[in-house]
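Protein chains: 2
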Amino acid sequence: MSTAAETAGGDIEPWEEVTPDAARRLLVAAVEAFAERGYHATTTRDIAGRAGMSPAALYIHYKTKEELLHRISRIGHDRALGILRTASQGGGGATERLADAVSSFVRWHAGRRTTARVVQYELDALGPEARDEILALRRRVDAEVRGIIEDGVASGEFDVPDVHGTTLAVLSLCIDVARWFNVNGPRTPDEVGALYADLVLRMVGAEPPLAQR
Amino acid sequence: MSTAAETAGGDIEPWEEVTPDAARRLLVAAVEAFAERGYHATTTRDIAGRAGMSPAALYIHYKTKEELLHRISRIGHDRALGILRTASQGGGGATERLADAVSSFVRWHAGRRTTARVVQYELDALGPEARDEILALRRRVDAEVRGIIEDGVASGEFDVPDVHGTTLAVLSLCIDVARWFNVNGPRTPDEVGALYADLVLRMVGAEPPLAQR
DNA sequence: ACCGGCCCTAAGCGACCGCTCAGCTTCGGC
DNA sequence: GCCGAAGCTGAGCGGTCGCTTAGGGCCGGT
Numbered sequence: 001m002s003t004a005a006e007t008a009g010g011d012i013e014p015w016e017e018v019t020p021d022a023a024r025r026l027l028v029a030a031v032e033a034f035a036e037r038g039y040h041a042t043t044t045r046d047i048a049g050r051a052g053m054s055p056a057a058l059y060i061h062y063k064t065k066e067e068l069l070h071r072i073s074r075i076g077h078d079r080a081l082g083i084l085r086t087a088s089q090g091g092g093g094a095t096e097r098l099a100d101a102v103s104s105f106v107r108w109h110a111g112r113r114t115t116a117r118v119v120q121y122e123l124d125a126l127g128p129e130a131r132d133e134i135l136a137l138r139r140r141v142d143a144e145v146r147g148i149i150e151d152g153v154a155s156g157e158f159d160v161p162d163v164h165g166t167t168l169a170v171l172s173l174c175i176d177v178a179r180w181f182n183v184n185g186p187r188t189p190d191e192v193g194a195l196y197a198d199l200v201l202r203m204v205g206a207e208p209p210l211a212q213r
Numbered sequence: 214m215s216t217a218a219e220t221a222g223g224d225i226e227p228w229e230e231v232t233p234d235a236a237r238r239l240l241v242a243a244v245e246a247f248a249e250r251g252y253h254a255t256t257t258r259d260i261a262g263r264a265g266m267s268p269a270a271l272y273i274h275y276k277t278k279e280e281l282l283h284r285i286s287r288i289g290h291d292r293a294l295g296i297l298r299t300a301s302q303g304g305g306g307a308t309e310r311l312a313d314a315v316s317s318f319v320r321w322h323a324g325r326r327t328t329a330r331v332v333q334y335e336l337d338a339l340g341p342e343a344r345d346e347i348l349a350l351r352r353r354v355d356a357e358v359r360g361i362i363e364d365g366v367a368s369g370e371f372d373v374p375d376v377h378g379t380t381l382a383v384l385s386l387c388i389d390v391a392r393w394f395n396v397n398g399p400r401t402p403d404e405v406g407a408l409y410a411d412l413v414l415r416m417v418g419a420e421p422p423l424a425q426r
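Just so you know, the protein sequences line up as chains A and B, in that order.
Going left to right, the first sequence walks through residues 1 to 213 as my numbering numbers them.
Going left to right, the second sequence walks through residues 214 to 426 as my numbering numbers them.
And the structure:
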């Protein structure tokens with residue numbers, strides 16, 4: 001079903017860009033804690049403890065607790081946007097590109113659920129300027145999906161009366177996977193991605209791809 | 214498009230069941246504060262202040278801050294379940310009942326967004342026994358939607374390969390409206406409800422109702 | 001051998017949290 | 001006129017929060 005973007009750049013712990021090592025350990029610990037309890041319910045002592053350090057060590061690498069959330073949100077949105085772009089720029093018609101985009105986007109939200117949860121649901125905990133920066137990234141995410149749908153409408157592959165509303169619904173559907181997906185549940189991220197790609201193609205009125213007929 | 218459940222029981226401030234008056238004012242204040250900032254970021258002083266009382270007044274009507282959230286969540290889930298049941302037990306075929314259920318459910322999540330936000334996104338802040346009680350209500354919500362979809366499959370109105378997965382996706386789509394809906398945005402709750410009912414009928418492979426052809 | 005910079009810790013500061021309590025006011029029943 | 005219950009407030013308790021500070025090991029360069 002998919003061509004590229006299978007593991008668009010190291011799916012296992014994609015924090016190699018964070019250095020030094022202690023800063024990365026703190027950031028990974030923060031992702032886990034924020035995802036489990038939420039930003040406001042997480043204490044700096046908890047984050048430092050998970051990383052095997054004293055509470056004060058956090059402030060050597062990050063100015064505040066909010067900076068940790070900002071860095072996580074920024075990196076996560078970059079990754080999510082990259083996944084969508086890879087699928088969007090892939091070959092094939094709008095049908096195939098939309099299926100690719102949805103399945104890989106959903107796979108990320110399910111497989112890397114802790115990160116996705118923080119990225120998608122803790123936006124309001126950021127200050128105004130940090131939130132604005134992240135919102136700009138979200139607009140680009142929206143534009144990427146809307147572009148594929150517009151292509152499909154233009155080529156006659158899709159039948160969509162309300163492009164903006166449908167784009168919103170497609171993204172909403174994918175993002176909410178981070179809320180309900182259960183690692184110990186009956187479905188793998190791949191299965192949810194395939195199911196959702198099929199549902200989204202139905203939403204836009206596309207003919208199912210040959211492989212499914 | 215719809216028959217019953219238009220305003221299934223007083224859409225404007227449906228907290229008349231909470232007495233005495235001071236307790237209701239505190240609860241409404243808590244809903245607003247929890248929706249704006251989240252449960253953990255809201256202080257009891259903030260709730261009492263919004264209700265025009267001193268911080269100590271809260272503890273005359275509620276034992277703890279968590280009891281406030283529990284009461285809100287319980288009432289909200291009851292209301293949501295009632296809306297779905299009204300639509301589910303309405304007349305007509307599965308297509309019409311599913312469209313009714315989705316449009317009224319979405320209308321509630323959009324129009325009463327502050328309540329829905331607290332109800333759907335602050336579940337983890339409850340203690341184990343309160344959370345279990347709410348989870349039981351959610352299972353009944355899920356069963357209500359799944360029942361309509363199963364009816365549609367049995368009658369041949371729907372074409373759904375994965376009933377459980379599709380039920381999950383439909384509910385997820387509706388619930389996430391509480392996250393993104395903007396009161397000052399371009400769409401009214403009614404419009405979003407109609408759009409989503411159409412999208413969901415496409416997801417289950419139903420023929421559009423006559424009114425839309 | 002000595003130094004300066006880098007990480008890190010132990011201790012703790014001031015602020016604010018959820019929540020309590022003694023006492024004040026209000027009001028219906030008699 | 002008096003009383004007890006109900007509703008509410010001002011003050012504050014113990015605890016925990018985000019964050020700071022002083023100083024200790026470690027290490028490469030000289």
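The C-beta atom is built at its ideal place from N, Cα and C for all residues, glycine as well.
(1) May I ask which residues mark the beginning and end of the alpha helix (DSSP H) holding aspartate 124/A?
(2) Do proline 161/A and glycine 111/A have their CB atoms nearer than 7 Å?
(3) Any residues in the region 238–255 of chain B with a beta carbon nearer than 7 Å to a beta carbon of chain A? Which ones, in chain order?
(4) Is the CB of leucine 414/B under 7 Å away from at least one CB in chain A?
(5) Exposed or buried, what is glutamine 302/B when buried is set at 16 or more other beta-carbons lying within 10 Å of its beta-carbon?
(6) Determine the direct distance from the alpha carbon of valine 153/A to that of proline 421/B, and round the result to whole angstroms.
(7) Give every residue of the same chain whose Cβ lies closer than 7 Å to the Cβ of tyrosine 252/B, excluding the five residues on either side of it in the sequence, and list them in chain order.
(8) CA-CA distance, phenylalanine 394/B and isoleucine 388/B?
(9) In this structure, does DSSP put alanine 254/B in helix, strand or coil?
(10) Taking the straight line between their C-alpha atoms, what separation do you get for glycine 306/B and threonine 167/A?
(11) Does DSSP put proline 189/A in a helix, in a strand, or in coil?
(12) Quick check on this structure: which residue in Ala116/A, Asp142/A, Thr95/A has the alpha carbon closest to the alpha carbon of alanine 206/A?
(13) If the criterion is Cβ atoms closer than 7 Å, does the pair isoleucine 87/A and aspartate 78/A meet it?
(14) Under three-state DSSP, which class holds arginine 396/B?
(15) Within 10 Å of its beta-carbon, does tyrosine 409/B have 16 or more other beta-carbons around it, so buried, or fewer, so exposed?
(16) Just checking: is the beta-carbon of glycine 152/A within a distance shorter than 7 Å of some beta-carbon in chain B?
(17) Please work out which residues of its chain come closer than 8 Å, Cβ to Cβ, to arginine 284/B, disregarding the five sequence neighbours upstream and downstream, and give them in chain order.
(18) Helix, strand or coil, according to DSSP, for serine 54/A in the structure here?
(19) Just to confirm my understanding: we take glutamate 280/B, look at its own chain, exclude 5 residues before and 5 after, and list those with CB closer than 7 Å. What are they?
(20) Can you name the residues of chain B whose CB is closer than 9 Å to the CB of glycine 165/A?
(21) Given this structure, state the Cα-to-Cα distance separating alanine 23/A from isoleucine 47/A, to the nearest angstrom.
(22) Can you give me the C-alpha to C-alpha distance between serine 316/B and arginine 326/B, rounded to a whole angstrom?
(23) Could you check if valine 358/B is buried or exposed, using at least 16 other CB atoms within 10 Å of its CB as the buried criterion?
(24) What are the uninterrupted segments assigned as beta strand (DSSP E) that are 3 or more residues long and contained completely in the region 268–292 of chain B, given in chain order?
(25) Go to threonine 167/A, then tell me how far its alpha helix (DSSP H) extends in each direction, as first and last residue.
(26) Mind checking valine 183/A: buried by the 16 CB within 10 Å criterion, or exposed?
Checking against the coordinates, here is how it stands:
(1) From DSSP, aspartate 124/A is part of no alpha helix (DSSP H); its letter is neither H nor E.
(2) no
(3) Gly251, His253, Ala254
(4) no
(5) exposed
(6) 19 Å
(7) Leu282, Glu335, Ala338
(8) 11 Å
(9) coil
(10) 29 Å
(11) helix
(12) Thr95/A
(13) The sequence given here has alanine at residue 87/A, not isoleucine. Not a contact, by the Cβ cut-off of 7 Å.
(14) One point to set straight first is that residue 396/B is valine, not arginine, in the sequence displayed. In this structure, valine 396/B counts as coil in the three-state DSSP scheme.
(15) buried
(16) no
(17) Val231, Leu240, Tyr275
(18) coil
(19) none
(20) Arg400, Glu404, Val405, Leu408, Tyr409, Leu412
(21) 11 Å
(22) 15 Å
(23) buried
(24) none
(25) 163–175
(26) exposed
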